[in-house]
Structures are given as C-alpha cells and as structure tokens.
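Those letters in the first sequence? Residues 30 to 701, per the working numbering, in order. See below for the structure under consideration.
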Amino acid sequence: MAIQLHTVLNTEQSRAASLIDGPVLIIAGAGSGKTRMICYRMAHMLEMGIHASEILALTFTNKAAAEMAMRVKDLTQRPVSELTASTFHAFGLRILREQGELLGYTHNFTIYDTSDCAALLKEVLHEEQLDPQAHDIPAMLHLFSNIKIGRMAWPSDCSAAIKAVYDGYQEHMKLYNAVDFDDLIMLPLRLFERYPHVLALYQKRYTHIMVDEFQDTSLEQYRLVQQLAAVHRNLCVVGDDDQSIYSWRGANYQNIILFETDFPERIEIKLEQNYRSTGTILQAANTLILHNTQRKEKALWTDGHSGGRITRLYPEQEDDEVQTIIKEIRSVLYARNLSYRSFCILVRTNHLIPAFENGCMLEQIPVQVSGGQSFFERKEVKDVIAYLRILANPDDDMALLRIINTPRRKIGRSTLAALRSIAYQRHCSLYSAIGLVTQQTDLYEHLRKEPLKNLYDLIETYRSALFAAGRKKSRVLRALMEEIGYKEYLAQEYPNNDQAVLFRYGSIQSFIRLFSQWEQDGDNLSYSVYDYLQRLSLHSRDQKEDGDPIDALSIMTIHASKGLEFDCVFLAGVEDHMIPHARTIEENPGALEEERRLFYVAITRAKQDLYISTCTQRKRNREVVPSVPSRFLSEIPEDLFQEPAQDFQLDKDETIAAFNALKRRLAEKESS
DNA sequence: GCATGATTGATTTTT
DNA sequence: TCAATCATGC
30 MAIQLHTVLN
40 TEQSRAASLI
50 DGPVLIIAGA
60 GSGKTRMICY
70 RMAHMLEMGI
80 HASEILALTF
90 TNKAAAEMAM
100 RVKDLTQRPV
110 SELTASTFHA
120 FGLRILREQG
130 ELLGYTHNFT
140 IYDTSDCAAL
150 LKEVLHEEQL
160 DPQAHDIPAM
170 LHLFSNIKIG
180 RMAWPSDCSA
190 AIKAVYDGYQ
200 EHMKLYNAVD
210 FDDLIMLPLR
220 LFERYPHVLA
230 LYQKRYTHIM
240 VDEFQDTSLE
250 QYRLVQQLAA
260 VHRNLCVVGD
270 DDQSIYSWRG
280 ANYQNIILFE
290 TDFPERIEIK
300 LEQNYRSTGT
310 ILQAANTLIL
320 HNTQRKEKAL
330 WTDGHSGGRI
340 TRLYPEQEDD
350 EVQTIIKEIR
360 SVLYARNLSY
370 RSFCILVRTN
380 HLIPAFENGC
390 MLEQIPVQVS
400 GGQSFFERKE
410 VKDVIAYLRI
420 LANPDDDMAL
430 LRIINTPRRK
440 IGRSTLAALR
450 SIAYQRHCSL
460 YSAIGLVTQQ
470 TDLYEHLRKE
480 PLKNLYDLIE
490 TYRSALFAAG
500 RKKSRVLRAL
510 MEEIGYKEYL
520 AQEYPNNDQA
530 VLFRYGSIQS
540 FIRLFSQWEQ
550 DGDNLSYSVY
560 DYLQRLSLHS
570 RDQKEDGDPI
580 DALSIMTIHA
590 SKGLEFDCVF
600 LAGVEDHMIP
610 HARTIEENPG
620 ALEEERRLFY
630 VAITRAKQDL
640 YISTCTQRKR
650 NREVVPSVPS
660 RFLSEIPEDL
670 FQEPAQDFQL
680 DKDETIAAFN
690 ALKRRLAEKE
700 SS
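Below, the structure written as structure tokens:
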C-alpha cells in the first residue's frame with residue numbers, strides 16, 4: 030500500500046520527504062518532526078523502487094541510527110537489513126574493514142577509545158623522557174586530533190619535543206595495528222584520495238544519501254559524504270544550526286554554507302512548526318537563542334496550548350537539590366497520573382549524575398541513567414575486554430599493559446621497563462618483546478623469565494583455542510577467567526568486602542553472557558572476535574543491550590538528551606559556572622554561543638513542564654561556595670517563570686486526587 | 001624486585 | 001568520591 034505523504038505530514042515535511050532526487054537542505058527546528066519526516070522519506074524512496082542497499086543514512090549516535098532503521102521497517106513492513114543506517118564512525122569502520130588492507134591494516138585492527146589513546150600518550154611521553162604529570166593529557170589529545178585531521182597547523186610556540194611525541198604516538202598506533210576515532214574518518218578519506226576506483230565503488234553503491242544532525246558533522250565527515258554524492262548528487266542533509274553542540278569535537282555548523290556552495294542547485298526547506306512543546310517553552314527557547322549572532326533565521330511556533338509557566342527551584346545545596354527535585358517529581362507524578370518515563374533530569378556535567386542516581390535509589394524510584402560510568406567502563410569489565418583484545422590482536426600494547434599484572438603475576442616495574450626498552454629498540458610490540466625474551470635462553474638473563482613465559486604460553490594457548498571455537502568463543506573466555514583466578518584476585522583486592530567481590534565478578538559474568546548472546550545470534554553472519562570488539566568500541570557508551578522498555582526516570586547530560594523528549598524536564602545545576610561552563614568559556618570565549626545552544630537544546634526537550642533548579646551554594650573543590658543563577662536565565666522573559674509553590678504539601682483535594690490516581694494505577698497494574 | 005598501604009590530586013561535553 | 005602515584009616494607 031502506497032504511503033500518502035501529504036496525509037501524514039504537513040506541507041513542508043511532505044515536500045521534503047518527496048524530493049528524493051538532487052541535493053536538498055532541510056533546516057529543521059527542535060521538535061519539528063524531523064526524524065518522522067526522514068523515515069517517511071526513506072520509506073518513500075523504497076516505494077519508488079530504490080533498493081534498500083542503495084540508501085545510506087548517516088546520523089550521530091548508534092541509538093538514532095537503530096531507531097531510524099526500526100521506524101522505516103515499521104512504515105514499510107519490509108525487512109531493512111540491507112539498508113545502511115549508521116553513524117559516521119561505524120560507516121568509516123565498514124569501509125576500513127572492506128578496503129583497509131590497501132593502507133596496510135590487517136583485518137584484526139583494534140579501535141582505541143579515548144582512554145586507550147590517553148594511556149598510549151602517557152607511554153609515549155615516558156618514552157620521550159617527559160613527565161606525563163606535567164602535561165595536560167586531554168588537551169594534548171585534542172591538539173593531536175586537530176593536527177591529524179588537518180583542522181589546525183602546529184602552533185608556533187609548540188616545542189619539537191611535543192611534535193616528537195605526536196610522531197611517536199602515530200608510530201605506535203600503526204605498530205599496534207590500532208586506529209583511533211579520527212582514523213575511522215580520515216583513513217577512508219585517504220582511501221578515496223589514493224584509490225579513485227574505491228571511491229567509484231562506493232559512489233555507485235550508494236545512490237541516495239541522507240545525513241541527519243548535519244550541524245554536528247565535522248569538516249572531514251562532510252567531505253566524506255560530499256565525495257560520495259559528487260556524481261549522482263542525491264544528497265539530503267537535515268540539521269539545525271541552533272542545536273550545534275559538538276564543536277569541541279570538530280562539529281562545524283558552517284558546513285551548511287559549504288553544502289550550499291558545493292551544491293548550488295540545492296532546494297532548501299525549513300521546518301519550523303513545533304509539535305512537541307507548549308507555547309511558553311517555545312517562547313523561552315526562541316528569545317534565548319536570539320542572543321546568538323551567527324545563525325540561520327528561524328522561529329519555532331505551535332498551534333497548541335501556551336501551557337503552564339516554567340517553575341524555578343532554589344535548593345540550598347546539591348543534596349538539597351536532589352531531594353527537592355525528587356519530591357517535585359513524586360508530586361507531579363501522582364497529581365497528573367504520569368509514569369516515571371515521562372520525567373527527565375538533565376545536567377551539564379556527568380559528575381552531577383551519581384547524586385541523583387543514589388537519591389532515587391534510596392527513594393525506590395526506578396532510574397535509567399545514560400552517560401556517567403557505563404557498564405563497559407567498569408574496571409573489571411575493561412579487564413575482561415582487555416583479555417579478549419589481547420587474544421584478538423596480541424600487538425595491542427594498551428590491552429597487554431592492562432592485564433600484564435592483573436591478577437598479580439610478579440611482573441613488576443623493572444621487568445616492564447626492560448620489556449619497553451626492548452620493544453623500543455626493536456620497533457615491535459611488547460608482546461613480541463616478551464616472545465623474544467622467553468625464547469632467547471642465553472640473552473636477557475637478568476630478567477625473571479618464569480612469569481613472562483607463563484603469560485606468553487597462556488595467551489598462545491587461549492588464542493588458538495579461541496580461533497578454534499566457532500560460535501563458542503565465550504566458553505574459551507570463561508575458561509580463561511577461571512584459569513587466571515580472576516575471582517580470587519578480586520577477593521584479594523577487596524578483602525573483607527564480599528559484596529564488592531560478588532558484584533564485580535557478576536559484571537564479568539554478565540559480560541561473558543552478553544558476548545555469548547551475541548555470538549549465538551543467528552542473524553549475525555559474521556561472528557568473529559574482531560567484529561565484536563570493534564562493535565564494542567563504537568557502542569560502549571550506548572544504552573544497555575536489551576531493549577525492554579522499563580518505566581524509569583531518565584537522568585542524563587544535556588548532550589546525551591539531544592533528539593529526545595519528555596513531558597516534564599528538570600534542569601539541575603543551572604548556575605553560572607556550570608552552564609555556561611566556566612572552564613569552557615575561559616578556554617574559548619567564543620564558546621559562549623555554543624553553551625547557549627546547549628541550554629536551548631535542554632529547554633526544548635520539554636513537552637509540557639519545565640523546571641529549572643539553581644542551588645544557592647555548591648561544593649567546589651571541597652569548599653562550599655555561593656552559586657549564582659546562569660546568565661542565560663536573564664535572557665528569558667521574566668513573565669514566563671513562576672516561583673515554586675510555597676511548600677510541597679498537597680492540600681486536601683489534591684491529596685484525595687493523588688490517592689485516587691494511585692489507586693487507579695494499582696488497579697491498572699493488577700489487570701494488565 | 002615486587003606488593004602494599006598512604007597520600008594526593010582532580011573533575012566538560014562523546015563517536 | 002575515586003583513581004593514580006609514591007614511599008616503604010618484605
């Protein structure tokens with residue numbers, strides 16, 4: 030059955046969805062039904078006879094990509110396994126898997142995440158006789174990233190030593206057969222540049238390309254799609270310059286201008302009608318964003334209600350803020366008969382999250398936290414992953430360093446130093462150095478070879494076992510964890526804390542279970558360890574694996590909330606050093622506009638009610654200092670705000686109403 | 001030479 | 001609050 034676009038979409042949306050040939054630029058404001066439109070557009074393409082394998086849809090997060098594929102499937106009632114809906118990084122990975130050998134990468138390459146890169150950088154600093162503590166590692170990584178991607182030239186005051194560190198870093202990556210996130214974009218670009226036939230292959234394969242969240246693409250990401258679309262010119266980009274919040278990661282909303290130059294025949298469509306929020310919330314968002322100077326003109330409007338005012342809360346301190354917000358959520362929940370999933374607490378920085386998480390746990394409120402420390406970032410989980418990594422790619426030094434003495438196997442500082450210097454001289458990985466040391470009986474006699482040999486044999490044994498295991502690799506991993514006595518190691522690390530030991534070993538078991546589920550999944554045509562590990566490094570910060578929707582209150586950073594919506598949104602910590610973030614604007618005063626966009630994104634997540642909480646004082650570096658409200662609040666008209674109700678006591682009628690609502694909910698639960 | 005316990009220092013956002 | 005580093009003991 031054909032989809033009648035104009036019956037399900039508004040005029041602009043329908044126009045955007047039906048223009049499938051030629052370049053199209055869609056400026057889509059927050060809550061303008063952008064995702065819906067994109068999905069209809071893809072469904073329309075399929076109906077027009079374009080094959081799913083010819084469509085490439087790129088987005089920013091794995092979650093968004095997965096959702097897109099699912100919605101298209103629902104709309105068309107067809108399988109979408111051949112549709113490519115992925116993040117830029119996952120797409121880059123795919124190209125590299127298919128063609129990376131041309132650049133000298135073997136199929137078992139490892140993807141280094143930020144913490145791996147930081148660890149490597151420290152290693153290289155040591156190697157170059159520099160003190161890692163004297164250097165700002167994240168800042169250096171950021172600089173290296175800019176250099177690598179060609180966004181920046183070396184600053185004139187940059188020492189030769191730093192440049193040597195950069196070279197060392199690059200050399201090590203190649204030696205380990207490892208790539209970082211930048212490489213996932215840059216290496217495909219290099220492939221296209223050096224091997225025009227490879228570019229032609231992909232140009233032919235993907236005849237229709239769409240990019241969502243275009244304002245968050247980097248220059249390099251744009252170049253990637255621009256090249257792919259250069260011949261057929263069927264490129265549709267969708268974005269909102271007001272929601273560009275990733276410039277620190279290279280996002281450049283001026284790509285919109287580049288697109289306009291590269292595709293002068295483009296058609297431009299603006300989606301400004303908002304289907305999400307009340308008039309009050311939109312008015313707040315519109316007036317706030319007007320303070321930014323560089324933007325495409327647009328204003329959100331709604332034909333719905335103006336809704337209630339924005340409530341401001343003034344708790345005294347963090348713990349007070351947690352209590353105040355939880356109390357408010359409870360009372361709104363019962364008064365309005367909502368469920369927890371209608372609520373969201375948004376914060377600027379990750380470290381505010383645990384306080385809310387714990388507070389909710391104590392109050393028995395189910396929570397869903399994204400951001401913060403994820404399952405895959407727990408120490409013990411990283412340890413198992415490191416074991417798996419070293420089996421997959423023994424040259425992965427960062428993985429080896431993680432497990433070389435975990436559990437303790439009497440390989441200490443001086444042995445390690447010796448190994449490092451051998452690896453350095455021989456231009457080989459640490460693992461090769463270990464192999465060398467253990468095999469040369471007459472050399473390196475001052476080293477304690479026994480533990481090294483044991484480790485080397487262990488890895489070799491399990492390596493061959495792993496590759497002989499087919500779809501039963503998780504058993505090999507489980508056996509390995511048992512053989513090395515990881516549980517005993519935990520017991521030793523956390524003496525007289527059995528709970529911690531159980532909890533942490535539980536994580537290990539959960540991880541092995543996840544791995545096992547993945548490899549047994551019949552839909553997985555490729556079930557190699559490399560696939561799993563590479564997937565893991567791109568997905569690790571995502572939501573939990575199983576998608577059963579639980580009714581829980583969401584807690585997350587503003588960045589993580591992009592694209593989501595909630596009935597009631599609580600913005601916590603809206604203070605002048607948090608948002609705008611003091612350190613951010615100190616480093617780069619121009620970032621003020623981005624902080625404002627961030628606040629704009631936060632406000633526009635709310636459908637019905639918006640609460641803004643500002644503590645009067647906050648703990649900073651163990652000292653309690655007074656906090657003042659964010660300057661952005663003064664950019665929103667006063668009359669859109671209301672002060673909180675005098676106290677949170679419900680009056681008699683409200684109490685009865687709440688009680689009845691509760692009864693109703695219980696009855697509903699019973700019957701379902 | 002390695003393991004262990006004490007001290008210190010540090011916190012923006014994420015693929 | 002937690003992790004990485006340092007100094008000391010075995």
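The beta-carbon is built from N, C-alpha and C at its ideal position, and this holds for glycine as well.
Beta-carbon proximity of residue i to residue j, cut-off 7 Å
i: E83; j: H237; result: yes
i: I659; j: V603; result: It should be pointed out that residue 659 corresponds to Ser in this sequence rather than to Ile. Closer than 7 Å, so yes.
i: A72; j: L104; result: yes
i: E392; j: I354; result: no
i: I451; j: L506; result: no
i: I296; j: V53; result: yes
i: L85; j: T113; result: yes
i: L213; j: Q232; result: no
i: F288; j: N206; result: no
i: F385; j: V351; result: yes
i: I298; j: I32; result: no
i: Q244; j: Y304; result: no
Contacts around residue i, its chain only, beta-carbon distance under 6 Å, and the 5 residues preceding and following it disregarded
i: L582; result: Y369, F372, I394, V396
i: S566; result: I140, D142
i: H35; result: S43
i: F117; result: L87, Q250
i: C389; result: V396
Alpha-carbon to alpha-carbon, residue j and residue i
i: D271; j: N526; result: 50 Å
i: I67; j: M239; result: 9 Å
i: K411; j: S144; result: 11 Å
i: Q454; j: A589; result: 44 Å
i: A690; j: R359; result: 12 Å
i: E574; j: Q549; result: Because the pLDDT at E574 is just 47, under 50, the model does not fix this residue reliably, and the value given afterwards should be weighed accordingly. So the two alpha carbons sit approximately 15 Å from each other.
i: R338; j: L600; result: 15 Å
i: Y141; j: A189; result: 25 Å
i: D89; j: E242; result: Inspection of the sequence shows that residue 89 is occupied by Phe rather than by Asp. Whole-angstrom Cα-Cα distance: 7 Å.
i: R634; j: G60; result: 8 Å
i: A494; j: Q646; result: 58 Å
i: A163; j: G336; result: 53 Å
i: I685; j: E616; result: 54 Å
i: D50; j: L264; result: 8 Å
i: G129; j: E623; result: 36 Å
i: E489; j: W183; result: 43 Å
i: D332; j: D348; result: 39 Å
i: K502; j: M99; result: 29 Å
Own chain partners of residue i with C-beta closer than 8 Å, once the 5 adjacent residues on each side are dropped
i: P666; result: Q312, A313, T316
i: G197; result: V153, E156, E157
i: R693; result: N366
i: Y134; result: L125, N206, V208, L216
8 Å contact criterion, which residue i and residue j should meet: CB distance rounded
i: H568; j: N91; result: 5 Å
i: Y561; j: W547; result: 6 Å
i: I608; j: F661; result: 7 Å
i: Y473; j: V466; result: 5 Å
i: A462; j: L448; result: 5 Å
i: F120; j: L75; result: Going by Cβ atoms, the distance from F120 to L75 rounds to 20 Å, so no, they are not a contact pair.
i: H587; j: R377; result: Per the sequence shown, residue 587 should be read as Ile rather than His. Yes, I587 and R377 are in contact; Cβ-Cβ is about 6 Å, under 8 Å.
i: A280; j: E301; result: Not confirmed; about 22 Å, so no contact.
i: L218; j: R252; result: 6 Å
i: L220; j: L122; result: Not a contact, Cβ separation roughly 13 Å.
i: Q637; j: T307; result: 6 Å
i: L381; j: M585; result: At roughly 11 Å, the Cβ-Cβ gap does not stay under 8 Å, so L381 and M585 are not in contact.
i: A94; j: S115; result: 5 Å
i: P436; j: I513; result: 6 Å
Contacts around residue i, its chain only, beta-carbon distance under 7 Å, and the 5 residues preceding and following it disregarded
i: I713; result: This structure gives no information on residue 713, because the portion of the chain shown stretches from 30 to 701.
Every unbroken beta strand (DSSP E) inside the region 41-73 [3 residues or more]: 53-57
In chain order, each beta strand (DSSP E) run of at least 3 residues that lies wholly inside the region 291-319: 296-300
Residue ranges of each alpha helix (DSSP H) within the region 307-391, 4 or longer: 308-318, 347-365, 382-391
Whole alpha helix (DSSP H) elements within the region 491-535, 4-residue minimum: 502-512, 515-522
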